[in-house]
Amino acid sequence: MQTAASIAQNSHLSPPPRARSQTHIRPVTFHAPDCVIYAQGERTRSLYQIEYGAVRIYRLLADG
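Note that the working numbering has the sequence shown beginning at 32, numbered continuously upward.
Here it is in C-alpha cells:
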C-alpha cells in the first residue's frame, strides 16, 4: 500500500511513456487452438495482449 509520503517521494519520476503512433498498432488476430504463434529462437516484432482464452508456454529440452 502506498502512502502519501511515498507517492510524494516518487513524484519526480516521469509519467509512463505513451504508445507510439497509431500506425504501429496491428489489428486483432485470432489463433486456432494448439497452433504455434512463434517458436523459440524466432525473432518477433509483436507484443501479444491476451484478451481472453489461454496461452501455453513451454520449452523442449534435450533431456526430455
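Beta carbons are placed, not taken as given, at the ideal position from N, Cα and C, and that holds for glycine. Remember, predicted model here, so these are calculated numbers, not experimental data.
Just to confirm my understanding: we take residue i, look at its own chain, exclude 5 residues before and 5 after, and list those with CB closer than 6 Å. What are they?
i   : result
V59 : none
T75 : Y69
Closest to residue i by CA distance: which of the options is it?
i   : options          : result
G84 : I56, D65 and R57 : D65
What do you reckon, are the CB atoms on residue i and residue j nearer than 9 Å?
i   : j   : result
Q71 : R87 : no
Between which residues of its own chain and residue i is the CB-CB distance below 7 Å, once the five residues before and five after are set aside?
i   : result
H62 : I68
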